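Heads up, the thing below is written out as structure tokens.
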Amino acid sequence: MSPATQDFSLVFTADPHFTRESGINFDSFINGISDLAPSDIIGMAVLGDLVQNGEEAGYLSYQESINGLSVFNVIGNHDVYNAGWNFFREYLGPSSYSLPIGTAGEIGSLLLINIDSANASLGNSQTEWLINILETERKQYTHCIIITHSNLFPSSLGTVVQFSDKNEVYSLVDLFNKHDVDYVLGGHSHQLSEYELFSTKYITLDSIKEPDSHFMIMTVSPEGLMHEIYPVTAAGTR
Numbered sequence: 072m073s074p075a076t077q078d079f080s081l082v083f084t085a086d087p088h089f090t091r092e093s094g095i096n097f098d099s100f101i102n103g104i105s106d107l108a109p110s111d112i113i114g115m116a117v118l119g120d121l122v123q124n125g126e127e128a129g130y131l132s133y134q135e136s137i138n139g140l141s142v143f144n145v146i147g148n149h150d151v152y153n154a155g156w157n158f159f160r161e162y163l164g165p166s167s168y169s170l171p172i173g174t175a176g177e178i179g180s181l182l183l184i185n186i187d188s189a190n191a192s193l194g195n196s197q198t199e200w201l202i203n204i205l206e207t208e209r210k211q212y213t214h215c216i217i218i219t220h221s222n223l224f225p226s227s228l229g230t231v232v233q234f235s236d237k238n239e240v241y242s243l244v245d246l247f248n249k250h251d252v253d254y255v256l257g258g259h260s261h262q263l264s265e266y267e268l269f270s271t272k273y274i275t276l277d278s279i280k281e282p283d284s285h286f287m288i289m290t291v292s293p294e295g296l297m298h299e300i301y302p303v304t305a306a307g308t309r
């Protein structure tokens, strides 16, 4: 993905929980928020639980809603229900990857890393992959954002499917701090929260399907990253 020679914006939402009958009109949503962004919106990340129960009808409904948009799809626990992982892979592609936005070595460039935490753990092979990406690629880019689904710091003990291995959480926090990860963004809990730990900001977005929920716009520039969280009502018609 190209431009980083000029400022650009990214949109972040979470947990739309599409079914055959219900979902967000993301095209109208993006049009409704375009005036809020200080620079051109070049993409949107949806931070997991794209569908309600992993069934193909939900994926087809979601795919139709994002058709024509540049979207970074994060896999969530609801997306893998009922063997939904197969539909995710078929319709949306891999569940973990790194994506450079801008040219390596260019001021203002961004490394976006999507990690699969649908089961509230990264697993050994994905953790090794993540470490390798951060060790070999991170320093080539001005900024680094990680997008995922499950929360490292759940806001409630009642949150189901949460990271339960504290050693894994400590290791990830240390890894993100060591490699100057700017943001770790997720969803899952349906509760908005913001934390800053060492050099990294951790933000959890609530479910965009709810009328009192929120979305975030991130502006990326050579000077830094700036985020603004808005109520979903600011988008007008969804």
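This note's numbering numbers the first residue of the sequence shown as 72 and each following residue consecutively.
Note that CB positions come from ideal geometry on N, CA and C, so glycine has one too.
Since this is a predicted model, take the numbers as computed values, not measurements.
The alpha helix (DSSP H) that contains residue i, what's its start and end?
i                : result
alanine 128      : 127-137
phenylalanine 97 : 97-104
leucine 163      : 155-163
Excluding the 5 residues flanking residue i on each side, which residues of the same chain have their C-beta closer than 7 Å to its C-beta?
i              : result
glutamate 208  : Ser169, Leu182
asparagine 157 : none
valine 64      : With the chain running from 72 to 309 in the structure shown, residue 64 is simply not present.
On the DSSP letters alone, give me the boundaries of the beta strand (DSSP E) that residue i sits inside.
i              : result
glycine 295    : 295-302
glutamate 265  : 264-268
serine 221     : Per DSSP, serine 221 belongs to no beta strand (DSSP E) and is neither H nor E.
isoleucine 172 : 168-172
Spatial neighbours of residue i within its chain, please: C-beta separation below 6 Å, excluding the five flanking residues on both sides.
i              : result
asparagine 222 : Gly257, His259, Ser260, Thr275
histidine 88   : Asp120, Gln123, Lys280
proline 109    : Thr290
proline 293    : Ile178, Gly179
serine 80      : Ala108, Ser110, Ile112, Ile288, Thr290
tyrosine 130   : Val122, Phe158, Tyr162
Could one say the Cβ of residue i lies closer than 8 Å to chain C's Cβ atoms, at least one of them?
i             : result
aspartate 187 : The structure shown contains no chain C; it holds only a single protein chain.
Rounded to whole angstroms, what's the CA-CA distance from residue i to residue j? Just pull it up for me.
i             : j              : result
serine 99     : serine 93      : 15 Å
aspartate 187 : isoleucine 146 : 6 Å
valine 142    : asparagine 238 : 32 Å
threonine 174 : leucine 296    : 17 Å
histidine 285 : asparagine 185 : 21 Å
glutamine 262 : valine 82      : 18 Å
glutamine 211 : leucine 205    : 10 Å
alanine 191   : glutamine 197  : 12 Å
histidine 250 : leucine 201    : 11 Å
Three-state secondary structure (DSSP) at residue i?
i                 : result
threonine 198     : helix
lysine 210        : helix
asparagine 185    : strand
isoleucine 204    : helix
phenylalanine 247 : helix
histidine 285     : strand
valine 145        : coil
lysine 237        : helix
alanine 116       : strand
serine 292        : strand
leucine 276       : coil
valine 82         : strand
leucine 107       : helix
valine 255        : strand
Go through its chain and collect everything with a Cβ distance to residue i's Cβ below 8 Å, but skip five positions before and after it.
i              : result
glutamate 127  : Phe158
proline 302    : Asp283, Ser284, His285
asparagine 203 : none
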